[in-house]
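Those letters in the sequence shown? Residues 33 to 398, by the numbering used here. Glycine included, each C-beta is placed from N, C-alpha and C at the ideal position.
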Amino acid sequence: MSTVSAKHHVLKSLCPLWSIACLISPAISFQKAVEAAGGRIGSDPVAESGPYLRSSWAAKEKTVLSRNPDWKGDAPAWDTIEILPIDDENTAEIAFEAGELDFTRVSLGSVDRYRGGVPNGGTLVENPSLYYVWLGMNLDHPKLQNQKLRQAIQHAIDVPTVLEASYFGAAAPSTGIIAPGLAGNRAQGLVPAEANIEKAMALLAESGETNVTLTLDILNKTTYTTMAQVIQAMLAQIGITLEVNVLESGAFWASGDNENLQLVLNRFSMAPDPSYATAWFIKEQAGIWNWERFRNAEFDELHQAASQETDITKRDAMYQRAQDLMEESGAYRFLTHEATPVIHSSRVNPALRPDGLALLRYFGKA
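Here's what the structure looks like:
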């Protein structure tokens, strides 16, 4: 390989870097510290830097950050920051309103209420989101081998109704896994957001499937239980019985390798480069993060080629085609990208990424 082509190859392989560098902070692993830890980094950091250091951590309970006495940059605003992992936004809202939190994400169902005023002199901040939410179907499960059945489910679900019930109109329907504003976002999907019950029933009839009973796994959050109930009622209209399994966080996130998984309501996030979304649905991810066990050689080729393509127009077309393939499989009913509303107290001047996620090291006092 010549010097020129070698440089060109390196530049191509770094294409996604230009999109995600502004969002994901780089990390440096110190060789001596990693070697001293046996070559592997566990839950305890082997080296730390920055304005704050981790002073304590209790899994699923609390993380405490303390001021770094050796930090030579601008002095951090707080002596300590306590981070409390709260899966359910409604629970976090109660804690905020009780004065126990200074900053939290809130449910989209609460946005309209907070637009009218945030308790204790707080403020609501609304941002677009890089999350994507969808209903997935496990292609390896014996009950879901029939593509016509899967397509019937796609057309039976009325996305606007699902979102109105679960997000109270604060979230818009999505057309795929790639968010608006990014290369690869589709103006519209192959399956319209609105249900087509007549078409769904025709597809179910074509499938030859009768007395269909399926299970839907969801995370135990108010938003998802509401979505599941609405979807359950919609599938009942075409004669499909849906049983909903409500799972706690640990059990839900272990579902990827569960061969008995049938339908699942899922939510991932991404960086502002489309490769960060498609990476989880390649063949090698089947049963890991690719819970639908979607395997498509053309999709894998598009993911690889698009991540090395420097022409934005070509990348856009590649990622749109990749999402077409996902939808054509019948394994996906795309729902929404949500939004990222947060509230903060009058004591805090928060620093946020463009997608609304917190940059704690830059938080200041109001």
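In terms of alpha-carbon separation, which member of 200, 222 and 235 lies closest to residue 183? Nearest C-alpha to residue 183: 235.
Mark residue 325 as exposed unless 16 or more other C-beta atoms lie within 10 angstroms of its C-beta, in which case mark it buried. By the neighbour-count rule (16 or more Cβ atoms within 10 Å), residue 325 is buried.
Under a Cβ-count criterion, where at least 16 other Cβ atoms within 10 Å of its own Cβ denotes burial, should residue 339 be classed as buried or exposed? Its Cβ being crowded by 16 or more others within 10 Å, residue 339 is buried.
So, at 8 Å on beta carbons, what are the nonlocal neighbours of residue 137 in its own chain, with the 5 sequence-adjacent residues on each side left out? So the list reads 121, 124, 372, 373, 374 and 388, once near-sequence residues are dropped.
Residue burial classification, residue 379 (beta-carbon count within 10 angstroms, cutoff 16): Residue 379 is exposed by the Cβ-count criterion.
Cutoff 7 Å; reference residue 150; Cβ partners in own chain excluding five residues on either side: Non-local C-beta neighbours of residue 150 in its own chain, meaning closer than 7 Å and more than five positions away in sequence, comprise 156 and 375, ordered along the chain.
So, using beta-carbon positions, are residue 78 and residue 69 closer together than 9 Å? Yes, Cβ-Cβ distance for residue 78 and residue 69 is below 9 Å.
Residue 323, buried or exposed, once every other Cβ within 10 Å from all chains shown has been counted against 16: Result: buried.
Please report how far the alpha carbon of residue 119 lies from the alpha carbon of residue 354, in whole angstroms. Looking at the two C-alpha atoms, the distance is approximately 31 Å.
Applying the 10 Å Cβ sphere with the 16-neighbour rule, what's the burial state of residue 81? Classification for residue 81: exposed.
Taking contact to mean at least 3 C-beta pairs separated by less than 8 Å, is the region 242-256 in contact with the region 284-292? By the Cβ criterion, the region 242-256 is in contact with the region 284-292, since at least three pairs of Cβ atoms, one from each stretch, lie closer than 8 Å.
Just the C-alpha distance for residue 390 and residue 241, rounded to the nearest angstrom, thanks. Here the alpha carbons of residue 241 and residue 390 stand approximately 48 Å from one another.
In the region 87-155, which residue ranges form an unbroken alpha helix (DSSP H) of at least 4 residues, counting only runs that do not cross its ends? The DSSP assignment places complete alpha helix (DSSP H) segments of no fewer than 4 residues inside the region 87-155 at 121-129 and 143-147, in order along the chain.
Ignoring anything shorter than 3 residues, give me the beta strand (DSSP E) runs that lie fully in the region 353-398, in order along the chain. Restricted to the region 353-398, the beta strand (DSSP E) segments that are unbroken, complete and at least 3 residues in length are 364-368 and 374-376, listed in chain order.
I need the straight-line Cα distance from residue 179 to residue 317, nearest angstrom please. Computed Cα separation, rounded: 21 Å.
With a floor of 3 residues, list each beta strand (DSSP E) that falls wholly inside the region 230-310, ordered by position along the chain. For the region 230-310, the full-length beta strand (DSSP E) segments reaching 3 residues or more read 245-251, 273-279 and 295-300 along the chain.
Out of 221, 215 and 193, point me to the one whose CA is closest to residue 364's CA. Ranking 221, 215 and 193 by CA distance to the CA of residue 364 puts 221 first.
In the DSSP assignment, what residue or residues form a beta bridge with residue 157? Answer by DSSP bridge pairing, in chain order: 374.
Whole-angstrom distance between residue 198 and residue 368, CA atom to CA atom: Their Cα atoms are separated by approximately 11 Å.
What span of residues does the beta strand (DSSP E) with residue 165 cover, start to end? Annotation for residue 165: the continuous beta strand (DSSP E) segment containing it runs 164-169.
Determine contact between the region 160-167 and the region 199-216, defined as no fewer than three beta-carbon pairs at a distance below 8 Å. Cβ pair count under 8 Å is three or more, so yes.
Mind reading off the beta-carbon distance from residue 133 to residue 113? Whole number of angstroms is fine, and I expect it under 8 Å. Wrong, their Cβ atoms sit about 12 Å apart, outside the cutoff.
State the start and end residues of the unbroken alpha helix (DSSP H) segment that holds residue 185. For residue 185, the uninterrupted alpha helix (DSSP H) segment begins and ends at 179-188.
Residue 84 to residue 99, Cα distance in whole Å? The C-alpha of residue 84 lies about 5 Å from the C-alpha of residue 99.
Please name the residue, chosen from 331, 204 and 298, that lies closest to residue 281 on a Cα-to-Cα basis. When only C-alpha atoms are compared, the closest one is 298.
Taking DSSP as the reference, what is the three-state secondary structure of residue 318? Looking at residue 318 - three-state DSSP - the assignment turns out to be strand.
Just verifying my parser: in three-state terms, what is the DSSP assignment at residue 85? If DSSP states are grouped into helix, strand and coil, residue 85 belongs with the strands.
Which same chain residues, not among the five before or five after residue 260, have their C-beta less than 7 Å away from its C-beta? Closer than 7 Å at the Cβ level, and outside the excluded window around residue 260, lie 248, 250, 276 and 297.
Decide if residue 253 is buried, meaning its Cβ has at least 16 other Cβ atoms within 10 Å, or exposed. So residue 253 ends up on the buried side.
Tell me which same chain residues have a C-beta within less than 7 Å of the C-beta of residue 175, skipping the five on either side of it? Exclusion of the five residues before and after residue 175 leaves 246 and 294 as the residues of its chain whose Cβ lies within less than 7 Å of its Cβ.
Does residue 370 pass the burial test, meaning 16 or more other C-beta atoms within 10 Å, or should it be called exposed? Classification of residue 370: buried, given that the 10 Å Cβ count is 16 or more.
Would residue 95 and residue 73 qualify as a contact pair, given that the criterion is a beta-carbon distance under 9 Å? Not closer than 9 Å, so no.
Nonlocal neighbours in the same chain, by C-beta distance under 7 Å from residue 223, ignoring five residues either side: Same-chain partners within the cutoff: 186, 187 and 359.
What is the residue span of the alpha helix (DSSP H) that residue 194 lies within? From DSSP, the alpha helix (DSSP H) with residue 194 extends over 191-199.
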